[in-house]
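Q:
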Amino acid sequence: MLALDNEQINALPPDDRNRYAALEALFRQPGWQLVMALAQQNAAQALHQAANAQNWDSNRMAIGNRAAWLAIANLQRETQQVYEGIAARVVEERSLTDLSIESAFE
């Protein structure tokens, strides 16, 4: 599940805040947990297929298959990192703006 705190969520621009809320709702769904379990299972199976491939083409196909399943399995964690980065950038930009305003009055 996504885990931004309220300060981070409030720092997000409105469009990003709405997308974050929608993704957070998606990741809480029981169906998403099934998708995650299947993705992890299929990624492990693809790794096994790659290790036991009879030729280079089969190995590459299995590695590509695994990469696709891992992209799904890691989506929640990567989404968290993206929105943490957006919130941090916005907070930093606001801090710099506040500093420049304070400097202007000195």
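Mapping of the sequence shown onto our numbering: residues 91 to 196, in sequence order. From the three backbone atoms N, C-alpha and C, an ideal C-beta is built for every residue, glycine too. What you are looking at is a predicted structure, and each value in this text was computed from that prediction instead of being measured.
In the DSSP assignment, the alpha helix (DSSP H) including Asn145 goes from what residue to what residue?
A: Run containing Asn145: none; DSSP gives neither H nor E here.
Q: Return the CA-CA distance between Gln131 and Glu183, expressed in angstroms with no decimal places.
A: 42 Å
Q: Quick one: residues in its chain with C-beta nearer than 8 Å to the C-beta of Ala93, no 5 flanking neighbours on either side, listed in chain order?
A: Here the set comprises Gln170.
Q: Can you grab the Cα-Cα spacing for the pair Leu137 / Ser185, in whole Å?
A: 46 Å
Q: Just to confirm, are Ala157 and Ala129 a CB contact at a threshold of 8 Å?
A: Taking 8 Å as the Cβ cut-off, Ala157 and Ala129 do not qualify as a contacting pair.
Q: Which residues mark the beginning and the end of the alpha helix (DSSP H) in which Asn100 is found?
A: Asn96 to Ala101
Q: With distances taken between CB atoms, is the gap from Leu102 to Ala177 smaller than 8 Å?
A: yes
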